[in-house]
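Structure record follows, encoded as structure tokens.
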Amino acid sequence: MASLIAKTPAQGLLPVEIGSTRLEERLYDAITWVAPFDGQDDAVASAIGLPFPAAGQTTGGGDRRAVWTGPGQALILGPAVAPEGAAHADQSSGWAVLSLTGPAARDALARLTPIDLRDASFPEAATARTLLGHMTVSLTRTGPETYEIMVFRSMTRTAIHDLTRAMKGVAARAAL
């Protein structure tokens, strides 16, 4: 009898370290889309244990984070949640979360995304729905030299390929 073998989106592809930049997979217990009903923001925030994020922001940190994904909605990364007073759906199997770290992480991302990644424009806890090459992603700055990239699971291999090429380009330029 055949059986399924659970695999993470980037299993066997990561981690990759090139120059001073490291790309690895970040795993969360669950990824839940949440959209509070009108007037339920405070109740939902209490139920998920995190403030609901404002536009372009994240709340929480570490293994529990709320990431703004559009007006009145967020992805909750961490333990599964099912708050009353909100529409919600488990999105865990639909996303891959990649972590890009190192002093050249911003330079590698700048080759692939159109947004301004400088500190004044994209500080820690900032997030944006943007492009990474030709793919739509959620990009979050989680530390001074750390970014989380959420990409649809089906695009994981392409995202890793594009990020690896950008990392190689930045490392080659630094070697000149």
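One gets the working numbering by counting positions in the sequence shown from 1 and adding 77 to each. For every residue, glycine included, the Cβ atom is placed at its ideal position computed from N, Cα and C.
Check	Outcome
Can you tell me whether Ser176 is buried or exposed, with buried defined as 16 or more other CB within 10 angstroms of its CB?	buried
Roughly how many whole angstroms lie between the Cα atoms of Gly149 and Ala120?	14 Å
Determine the closest residue to Ile153 out of Ala143, Ala159, Pro160, Gly162, with distance taken between C-alpha atoms.	Ala143
With DSSP collapsed to three states, give me the class of Asp167.	strand
What residues match up with Thr98 in a beta bridge as DSSP calls it?	Ile95
State the DSSP-derived secondary structure class of Thr233, mapped to helix, strand or coil.	helix
Restricting to Cα atoms, I'd like to know which of His165, Glu225, Ala164, His211 is closest to Phe178.	Correcting the residue type first, residue 178 is Thr in the shown sequence and not Phe. Among His165, Glu225, Ala164, His211, the Cα nearest to that of Thr178 is on Glu225.
With distances taken from CA atoms, which of Ala197, Leu216, Phe199 is nearest Arg206?	Leu216
Comparing the C-beta of Leu152 with each C-beta of chain D, is any distance below 8 Å?	Annotation note: the requested chain D is absent from the structure, which comprises a single protein chain.
Do three or more CB pairs link the segment 112-132 to the segment 79-99 at distances below 8 Å?	no
Below 8 Å, how does it come out for the segment 186-195 and the segment 106-125: are there three or more Cβ pairs, yes or no?	no
Can you tell me where the beta strand (DSSP E) with Ala173 in it begins and where it stops?	172-178
For Ala112, collect the residues of the same chain with a Cβ closer than 7 Å to its Cβ; drop the 5 residues on either side in sequence, then sort them by chain order.	Gly149, Gln150, Ala163, Ala164
Measuring from the CB of Tyr105, is there a heavy atom of the ligand MG at a distance below 7 Å?	Absent from the structure shown: the ligand MG. Ligands present: none.
Report yes if the CB atom of Pro156 is closer than 8 Å to the CB atom of Ala107, and no otherwise.	yes
Can you tell me whether Met232 is buried or exposed, with buried defined as 16 or more other CB within 10 angstroms of its CB?	buried
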